[in-house]
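S.K.: The opening residue of the sequence shown carries number 10 in the working numbering; numbering runs sequentially from there.
Before anything else, here's the structure in question.
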Amino acid sequence: MALRTGKKLIKEFCRDNPVTAYLDCIQYIEKIYESVKAQSESYSYIQFATDLGFSGTNVIHQIVRGYRKLTLKSAKKICIALDLKSTQKKYFETLVEYRNEISGIKRDEIFTRLVALKMDVLESEQDRRWLEFFSVWYHPIVLEVLQLDQCRNDLNWIASQVNPSIKIKQVEESVALLENLGLIEFDAEANRYKPQKTTITSGHEVTGIGFIRYHQRMIELAKDSITRVSHEQRDISSVTFSCDEQTLQEVKTLIHDFNEALQARLESVENKKKVVQLNVQLFPVSHLDN
């Protein structure tokens, strides 16, 4: 039986593992190498670089380890070696753009393109709906508005409850989406839509990119609320601190425990009169010691 070359193993991996399932171009390249290495013990990063269309150097190893930037020019060369075409090619190149961009505004624009490309390759209509749900900030809010005790079967009223305001057309589209996802159902006796599931769980193909988009949008809402919402109606606090790894893990545990307790408390709420948003973020603002 003929031995499979590195190039063939690379293309086999890309065929079975589309780049659109990833959110990091470097991670994708590293996964390709690890897959080939697992099947050919003598395979090296120098050979990997050659198979990707570069000279026999450690250039790819430097890129994977973060010592060297993956340029768009190099990305196009890699796309040829990986046999990426059409949407897969655009997605990989867009991932490279996203990784290299430092402007927050431009990164957001690039990520919007990633979401659109992801939408194009999803085979399931239901997956496309889930991606739409997570990507648009007001869909989860409309879902919560429909849980309010005083909710009416009136698109104008629902639109008036969302803050910041949205158009009636957006409410109409949101209600249709929620119904198609099985999250709400029309109750003829009550003459209103009622939620069918109280918790959105992961497990869908789109949750990675969808959750990122969701959190981005909610963080934007939090930022705007500092000047848009009166201080009597909001509670915003933050703390910058230095610590060791053990303390950091303890803080993460505290956050996890808080979220668990909060969820348990919210499930016991009987009188639902308003919708609020709570965000919790913990992230480094210095380079971490590896």
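For every residue, glycine included, the Cβ atom is placed at its ideal position computed from N, Cα and C.
Measuring alpha carbon to alpha carbon, tell me which of LYS82, GLU269, LEU155 and THR59 ends up nearest ASP196.
M.R.: It is LEU155.
S.K.: Among the residues of its own chain, which have a CB less than 6 Å from the CB of ALA185, if the five just before and after it don't count?
M.R.: So the list is empty, once near-sequence residues are dropped.
S.K.: For the stretch 233-248 and the stretch 104-118, state whether three or more C-beta atom pairs, one from each stretch, are separated by less than 8 Å.
M.R.: Counting Cβ pairs under 8 Å, fewer than three are found: no touch.
S.K.: For ARG243, which residues of its own chain have a beta-carbon under 6 Å away from its beta-carbon, when the five flanking residues on both sides are left out?
M.R.: So the list reads SER234, once near-sequence residues are dropped.
S.K.: Where GLY219 and SER144 are concerned, what is the direct C-alpha to C-alpha distance, given to the nearest angstrom?
M.R.: When rounded, the distance between both Cα atoms is 6 Å.
S.K.: Rounded to a whole number of angstroms, what is the C-alpha to C-alpha distance between ASN134 and LEU190?
M.R.: Inspection of the sequence shows that residue 134 is occupied by Glu rather than by Asn. Computed Cα separation, rounded: 10 Å.
S.K.: Pull the bridge partners of PRO204 from the DSSP assignment, please.
M.R.: Partner(s): ILE193.
S.K.: Could you tell me the distance, in whole angstroms, from the CA atom of CYS34 to the CA atom of LEU297?
M.R.: Cα-Cα distance, rounded: 22 Å.
S.K.: Taking 9 Å as the cut-off, decide whether the C-beta atoms of LEU164 and VAL180 are in contact.
M.R.: Cβ distance < 9 Å, so LEU164 and VAL180 count as in contact.
S.K.: Have a look at LEU271 and GLN71 and give me their C-alpha separation to the nearest angstrom.
M.R.: C-alpha separation (whole angstroms): 44 Å.
S.K.: Express the C-alpha separation of LYS203 and LEU287 in angstroms, rounding to a whole number.
M.R.: C-alpha separation (whole angstroms): 23 Å.
S.K.: Taking the C-alpha atoms as reference points, what is the distance between LYS78 and LEU93?
M.R.: Approximately 20 Å, taken between the alpha carbons.
S.K.: How would you write the range of the alpha helix (DSSP H) that SER95 sits in, first residue to last?
M.R.: Note, SER95: alpha helix (DSSP H), 95-109.
S.K.: Span of the alpha helix (DSSP H) holding LYS127?
M.R.: From DSSP, the alpha helix (DSSP H) with LYS127 extends over 113-130.
S.K.: At the level of alpha carbons, what is the spacing between LYS282 and GLU188?
M.R.: Approximately 22 Å, taken between the alpha carbons.
S.K.: Buried or exposed for GLU141, please, with buried defined as at least 16 other CB atoms from any protein chain shown within 10 angstroms of its CB.
M.R.: GLU141 is buried by the Cβ-count criterion.
S.K.: Is it true that the CB of THR103 sits closer than 9 Å to the CB of ILE119?
M.R.: Against a cut-off of 9 Å, the Cβ pair of THR103 and ILE119 comes out as a contact.
S.K.: Compute the Euclidean distance between the alpha carbons of ALA125 and LYS178, then round it to the nearest angstrom.
M.R.: Computed Cα separation, rounded: 21 Å.
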